[in-house]
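Going by our numbering, the first residue of the sequence shown is number 51, and it counts up by one from there. Quick reminder that beta carbons are idealized off the backbone N, C-alpha and C, glycines included. Encoded as structure tokens, the structure appears first; notes follow it.
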Amino acid sequence: MAPTADPGHRGRARKHADRGANVSFLLLPLFLLFAVFYLYPLGMLLSTSLYDDGVTLQYYSDFFREPAYVKVLGRTVQLALSVTFLTLVLSYPMAFVLATARGRLAKVLLAVLLFPFWISVLVRTYSWMVLLGWRGVLNNFLVGLGLQREPLPLLYNQFGVHVGLVYVLIPFMVLPIYSSMQAFDRSLLRAAHGLGAGPVETLLRVFVPLTMPGVAAGCILVFMLGLGSFVTPALLGGPRDIFVSMLVEKQVSGLLNWRFGAAISTILLSLILGIFLVLGRFVRAQKAFTGE
């Protein structure tokens, strides 16, 4: 005699199918918005870089055959790496203080961290120009105290670019690390202490490894944002500090070379997507290793 299907099982399966259909229907406007305002412009960008009286890879070839352009790409990657490292060094203690704060203090610290999001990047960058300029607030303070005879060159160089980018990108590093620390099981600290581990050993062998998913996520986010940053390097950097985003702007706005600018943009986008896919696997591996 053939076994009969459980009516309850059929009902649950139908309920799950209906729920999936409802979710798909609700996501349809988001998909349409994504397709119109993201996928379509990307497709136009790619077609502009590949088509010039026929399909061609000439603009990509021109980029990689010119050592100056390759050097700009390497400088951009180096900037993103150094900014990511500096941001991580500053953000981890900040996230720890934020995660261990309680009550009203925690709310105040979180509001202070999120406050820069309410101000335009352009305004924040001009603020750094006022602070770091040759006759800016910081140099006037140092010279006035007699600590420096002449103002320091803090602006229109790599130092100014790093300061501005680290300041802009710190919230994007702190928040993932803070989220990972919030999810940390504090009983593990007591267990490590009960097994004889000291504070430093507990921090390095228990707390830091189990918050690595947040660190990895923050590093990926900051690195990608650093690769594509334009406003801060353009305003705080010097004439020799040319990065890929600035090169695209010069080709498109200055030289009206839309196809070459589209090719450079596609190269940068491909680099960002490639790094995201590679590091995304690393983040998942970290989560699987730590059990997060």
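What's the gap between the Cα of Ala313 and the Cα of Leu202?
Along the sequence shown, one-based indexing puts residue 313 at 263. Along the sequence shown, one-based indexing puts residue 202 at 152. Inter-residue distance for Ala313 and Leu202 is about 39 Å (C-alpha atoms, whole angstroms).
Counting pairs of Cβ atoms below 8 Å between the region 175-183 and the region 281-289, do you hit three or more?
They touch, by the three-pair rule.
Tell me which same chain residues have a C-beta within less than 6 Å of the C-beta of Ala338, skipping the five on either side of it?
The count along the sequence shown starts at 1 and reaches residue 338 at position 288. Here the model assigns Ala338 a pLDDT of 40, short of 50, so the residue's position is not dependable, and the following value carries that caveat. Once the five neighbours on either side are set aside, Ala338 has no close Cβ partner at all.
Between the beta-carbon of Leu136 and the beta-carbon of Leu148, is there less than 8 Å?
As a first step, residue 136 must be located in the sequence shown, where it is residue number 86. As a first step, residue 148 must be located in the sequence shown, where it is residue number 98. No. Outside cutoff.
Put Tyr101 into one of helix, strand or coil per three-state DSSP.
Looking up residue 101 in the sequence shown gives position 51. Strand, per DSSP.
If Leu182 and Leu219 are in contact, beta carbons under 8 Å, what's the gap, nearest whole angstrom?
Translated into the one-based positions of the sequence shown, residue 182 becomes position 132. Translated into the one-based positions of the sequence shown, residue 219 becomes position 169. Leu219 and Leu182 do not touch by the CB rule: their CB atoms are close to 17 Å apart, not below 8 Å.
Any idea what DSSP makes of Phe196, helix, strand or coil?
Stepping through the sequence shown from its first residue, residue 196 is reached at position 146. In the sequence as displayed, the identity of residue 196 is Gly instead of Phe. In the structure shown, Gly196 sits in coil (DSSP, three-state: anything other than H, G, I, E or B).
To the nearest angstrom, how far is it from the Cα of Asp235 to the Cα of Ala267?
Here the question's residue 235 lines up with position 185 in the sequence shown. Here the question's residue 267 lines up with position 217 in the sequence shown. About 19 Å.
Taking the alpha-carbon positions, what's the Arg199 to Met231 distance?
Residue 199 sits at position 149 when you count from the first residue of the sequence shown. Residue 231 sits at position 181 when you count from the first residue of the sequence shown. So the two alpha carbons sit approximately 45 Å from each other.
Which residues in the same chain as Phe326 place their Cβ atom closer than 8 Å to its Cβ, once the five residues preceding and following it in sequence are excluded?
The residue given as residue 326 occupies position 276 in the sequence shown. Correct list, in chain order: Ile270 and Met274.
Simplified DSSP state of Thr261, which is helix, strand or coil:
Walking along the sequence shown from the start, residue 261 turns up at place 211. Of the three classes helix, strand and coil, the one that applies to Thr261 here is coil, per DSSP.
Leu323 burial status per 10 Å Cβ neighbour count (16 or more: buried)
The count along the sequence shown starts at 1 and reaches residue 323 at position 273. Exposed is the call here.
Is the separation between the beta-carbon of Gly194 and that of Ser229 shorter than 8 Å?
Residue numbering aside, residue 194 sits at position 144 when the sequence shown is read from its first letter. Residue numbering aside, residue 229 sits at position 179 when the sequence shown is read from its first letter. No. Outside cutoff.
Take Leu329 and list the residues in its own chain whose beta-carbon comes closer than 6 Å to its own, dropping the five residues that flank it on each side.
As a working mapping, residue 329 is identified with position 279 in the sequence shown. If you ignore the 5 residues before and after Leu329, its C-beta comes within less than 6 Å of the C-beta of Ile270, all in its own chain and listed in chain order.
Can you give me the Cβ contacts of Thr126 inside the same chain, cut-off strictly under 7 Å, excluding the 5 residues immediately before and after it?
Counted from its first residue, the sequence shown places residue 126 at position 76. Closer than 7 Å at the Cβ level, and outside the excluded window around Thr126, lie Leu277, Phe293 and Val294.
Please state whether DSSP places Trp308 in a helix, a strand or coil.
The residue labelled residue 308 in the question sits at position 258 within the sequence shown. For Trp308, the secondary structure class from DSSP, reduced to helix, strand or coil, is helix.
Does the beta-carbon of Thr423 have 16 or more other beta-carbons within 10 angstroms, so that it is buried, or is it exposed?
Limits of the chain in this structure are 51 at one end and 342 at the other, which puts residue 423 out of reach.
Every unbroken beta strand (DSSP E) within the region 79-162, with a cutoff of 3 residues, ordered by chain
If we require 3 residues or more, the region 79-162 turns out to have no beta strand (DSSP E) run fully inside it.
Using the rule of at least 16 other Cβ atoms within 10 Å of the residue's Cβ for burial, across every protein chain shown, is Ala85 buried or exposed?
The residue you call residue 85 lines up with position 35 of the sequence shown. Exposed: under 16 other Cβ atoms inside 10 Å.
Taking the straight line between their C-alpha atoms, what separation do you get for Asp112 and Leu100?
Against the sequence shown, residue 112 aligns to sequence position 62. Against the sequence shown, residue 100 aligns to sequence position 50. Whole-angstrom Cα-Cα distance: 13 Å.
Have a look at Ala335 and Trp184 and give me their C-alpha separation to the nearest angstrom.
Your numbering for residue 335 matches position 285 in the sequence shown. Your numbering for residue 184 matches position 134 in the sequence shown. Since pLDDT at Ala335 reaches only 48, below the 50 mark, its modelled position is unreliable, and no value is offered.
How about Val216 and Leu140: do their beta carbons lie closer than 8 Å?
Working through the sequence shown from its first residue, we reach residue 216 at position 166. Working through the sequence shown from its first residue, we reach residue 140 at position 90. If you check the CB distance, Val216 and Leu140 come in under 8 Å.
Report buried or exposed for Gln301, applying the criterion of at least 16 other Cβ atoms within 10 angstroms of its Cβ.
Locating residue 301 in the sequence shown gives position 251, where the first residue counts as 1. Here Gln301 is buried, its C-beta having at least 16 other C-beta atoms within 10 Å.
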